[in-house]
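Novice:
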Amino acid sequence: MTLNWLNERVLDEMAGWQDEPVMAATSADEVLSLEPEVLTRADDEGIESALNWLQAQPGYTTSRNRWLMRLLMARVSEQYGKNEMALHLLAELDSRAREMTLEQWKPELIFEVKARRLRLLRGKAGRSEAEKNRLLPEMESLLAGLIALDPARAAVLCA
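Structure (structure tokens):
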């Protein structure tokens with residue numbers, strides 16, 4: 020594939036791809052600074068449109084940036100009641116964090132992922148006894164991970 024082929028076949032078929040302003044990503048935290056814009060778009064155009072806009076932002080190509088983008092998607096999904104989507108995103112983030120040594124990179128972010136996921140699973144477990152029994156091992160594992168990361172902060176999450 021050549022650049023010309025990509026321009027002709029792929030980019031020309033994506034209507035409006037040139038309409039959005041180009042933003043260069045200079046730091047990973049810039050991904051998280053997009054949250055107000057994503058929330059505004061979700062209010063105005065719907066969550067699907069907002070997540071598509073976020074995913075289409077140029078310059079966020081590193082594993083770290085993609086991880087942060089998924090975290091932002093999970094936050095927004097949760098805020099807009101898309102709890103199942105948020106759970107899936109958080110599960111992906113939790114598993115990918117182990118590969119990226121996120122505990123060393125930014126332990127407060129992995130703590131956030133695990134705590135949010137635990138809260139959502141507890142809500143889901145409250146629906147029925149069968150659901151609670153099914154989710155209990157996963158919730159215990161998350162709580163153990165939270166305690167390992169920051170025992171003081173995790174203390175409030177212990178039942």
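Positions 20 to 178 (our numbering) are the ones given, in order, by the sequence shown.
The C-beta atom is built at its ideal place from N, Cα and C for all residues, glycine as well.
In this text, all values refer to a predicted model and were calculated from it rather than measured experimentally.
1. Of all the alpha helix (DSSP H) runs that stay within the bounds of the segment 108 to 156, which reach a length of 4 or more residues?
2. Is DSSP giving residue 48 helix, strand or coil here?
3. Tell me which residues share the same chain as residue 111 and place their Cβ nearer than 7 Å to its Cβ, disregarding the 5 neighbours each side in the sequence.
4. Residue 76: buried (16+ other C-beta within 10 angstroms of its C-beta) or exposed?
5. Check the C-beta distance from residue 140 over to residue 158 and give it rounded, since I have them as a contact under 8 Å.
6. Any idea what DSSP makes of residue 169, helix, strand or coil?
7. Locate the alpha helix (DSSP H) running through residue 98, then write down its first and last residues.
8. Would you kindly report the start and end of the unbroken alpha helix (DSSP H) that includes residue 73?
9. Once you ignore the five residues that flank residue 51 on each side, which residues in its own chain have a CB closer than 8 Å to its CB?
10. Cutting at 6 Å between CB atoms, please list the residues of its own chain near residue 66, excluding the five before and the five after it.
11. Report yes if the C-beta distance between residue 83 and residue 69 is below 7 Å; otherwise report no.
12. For residue 184 and residue 150, I'd like the C-alpha separation in whole angstroms.
13. Sorted by chain position, which residues of the same chain lie with C-beta nearer than 7 Å to residue 143's C-beta, five sequence neighbours on each side aside?
14. Could you give the DSSP three-state label for residue 53: helix, strand or coil?
Specialist: Checking against the coordinates, here is how it stands:
1. 121 to 124, 126 to 144
2. helix
3. 89
4. buried
5. 5 Å
6. coil
7. 82 to 98
8. 66 to 74
9. 87, 90, 91
10. 99
11. no
12. Here the chain has residues from 20 to 178 only, and residue 184 is not among them.
13. 150, 154
14. coil
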